[in-house]
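In this note's numbering, the protein residues as written are 52 to 282.
To start, the structure under review is shown below, and the notes come after it.
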Amino acid sequence: MLKQKACRPFAKAGPCSLLAEACSLTMKNLGILLSGRGSNFEAIARNIQSGKIPNARISIVISNKAGAGGIEAATKLGLNTAILPSKGKDRETHDREVVASLKEHKVDLICLAGYMRLLSPWFVQQFPGRILNIHPSLLPAFPGLEAQQQAFAYGVKTSGCTVHFVDEELDHGAIIVQKTVPVLDSDDEHTLSARILEQEHLAYTEAINIVLDGNYEIAGRRLLRKIRASN
Ligand code: GAR
52 MLKQKACRPF AKAGPCSLLA EACSLTMKNL GILLSGRGSN FEAIARNIQS
102 GKIPNARISI VISNKAGAGG IEAATKLGLN TAILPSKGKD RETHDREVVA
152 SLKEHKVDLI CLAGYMRLLS PWFVQQFPGR ILNIHPSLLP AFPGLEAQQQ
202 AFAYGVKTSG CTVHFVDEEL DHGAIIVQKT VPVLDSDDEH TLSARILEQE
252 HLAYTEAINI VLDGNYEIAG RRLLRKIRAS N
């Protein structure tokens with residue numbers, strides 16, 4: 052599992068500026084996969100820059116769709132980007148291109164951020180326990196497409212979002228973070244989706260920090276935080 056030492060690479064001064072080499076040993080490379088506007092990606096990028104996600108950098112942003120807003124945003128931030136179109140390719144052929152790019156950029160942790168494409172079992176096996184996904188419902192309720200609309204139409208009183216490990220089944224791996232959002236009588240699908248999205252931006256950063264910190268174990272489907280011994 053990914054182990055981190057405490058150092059804040061974006062702080063202006065401090066141990067990292069003195070021990071840049073040592074810190075770079077613990078710095079983890081994130082690979083972001085997206086298909087659309089990329090607001091979750093942008094929240095992650097902002098939180099890396101502000102030091103809320105310490106010891107991480109984004110080494111590549113990949114989209115399977117040309118014209119994805121997230122790629123434009125990544126380019127403006129000066130990040131490495133790749134557009135690897137999936138249309139017309141069988142799943143594993145496309146996944147092999149994506150995995151080659153992730154490996155070329157030495158990615159430690161992959162964050163699916165609105166990546167609207169199922170990963171092949173082969174892809175998942177390349178990065179065991181190192182692929183995260185965000186889904187706009189309280190899983191296991193409402194997996195698949197348009198989760199917010201599914202929840203709204205079902206009439207739930209509470210919805211939310213889930214960040215989970217990716218396994219070989221759709222929207223299924225062990226849950227890392229969930230955040231709840233009340234469904235108001237005055238809501239429509241759009242207002243509910245917008246409030247869920249605000250929580251997504253918080254949840255993804257929390258989940259990345261938990262995983263990069265490495266201080267957890269998986270018991271069955273349950274992610275359990277370990278209690279740190281105090282000195
Ligand atoms: C987000 O709501 C994310 O949870 C959802 O796509 C949206 C992407 O928004 N993902 C899924 O539905 C995956 N099953 P963004 O491009 O602004 O981050």
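The beta-carbon is built from N, C-alpha and C at its ideal position, and this holds for glycine as well.
Next on the checklist: My parser needs the alpha helix (DSSP H) runs of 4 or more residues fully inside the stretch 85–171; what are they?
Outcome noted: Within the stretch 85–171, the complete alpha helix (DSSP H) runs of at least 4 residues are 90–100, 120–127, 142–155.
Next on the checklist: Given this structure, state the Cα-to-Cα distance separating S75 from A119, to the nearest angstrom.
Outcome noted: Caution applies to S75, whose pLDDT of 48 falls short of 50 and renders its modelled position unreliable; the model cannot decide the point.
Checklist entry - Counting pairs of beta carbons, one from the stretch 256–264 and one from the stretch 95–106, are three or more of them closer than 8 Å? => result Yes, since at least three Cβ pairs between the stretch 256–264 and the stretch 95–106 fall closer than 8 Å, the two stretches touch.
Next on the checklist: Less than 6 Å between C-beta atoms, sequence neighbours within five positions excluded: which residues of the same chain meet that for T231?
Outcome noted: T209, G211
Item to check | For R246 and G253, the rounded distance between their alpha carbons | outcome: Note that residue 253 is Leu in the sequence shown here, rather than Gly. One C-alpha to the other measures close to 11 Å.
Checklist entry - With A202 and N91 assumed to form a contact (beta carbons below 8 Å), what rounded beta-carbon distance in angstroms separates them? => result Actually they do not touch by this definition, with Cβ atoms about 18 Å apart.
Checklist entry - What's the gap between the Cα of E123 and the Cα of A280? => result Cα to Cα, the separation comes out at about 44 Å.
Checklist entry - Relative to the ligand GAR, is the shortest distance from any of its heavy atoms to the C-beta of A258 smaller than 6 Å? => result no
Item to check | Nearest candidate by alpha-carbon position, reference G265, set P187, I185, L160, K154 | outcome: Among P187, I185, L160, K154, the Cα nearest to that of G265 is on L160.
Next on the checklist: Distance check for Q199 and L248, CA to CA, integer angstroms please.
Outcome noted: 10 Å
Checklist entry - From the DSSP output, which residues share a beta bridge with E197? => result DSSP, once it has assigned bridges, lists no residue as partnering E197.
Next on the checklist: If I follow the unbroken alpha helix (DSSP H) through A258, where does it start and stop?
Outcome noted: 240–264
Item to check | Backbone secondary structure at V228 - three-state DSSP | outcome: strand
Item to check | Beta-carbon proximity list for A117, same chain, < 7 Å, skipping 5 on both sides | outcome: Around A117: I134, P136.
Item to check | Given 8 Å, three or more beta-carbon pairs between the stretch 174–186 and the stretch 141–151 | outcome: yes
Next on the checklist: Let me check understanding here. Comparing Cα to Cα, which of A94, L84, K103 lies closest to S110?
Outcome noted: L84
Next on the checklist: At a cut-off of 6 Å, would you count R108 as near the ligand GAR, judging by its Cβ distance to the nearest heavy atom?
Outcome noted: R108 Cβ: outside cutoff for every heavy atom of the ligand GAR.
Checklist entry - Which whole-angstrom value describes the C-beta separation of P194 and D236, a residue pair presumed to lie in contact below a C-beta threshold of 8 Å? => result P194 to D236, Cβ: 26 Å. No contact.
Checklist entry - Buried or exposed: H241, going by 16 or more other Cβ atoms within 10 Å of its Cβ? => result exposed
Item to check | V228 and V214 closer than 7 Å at C-beta | outcome: yes
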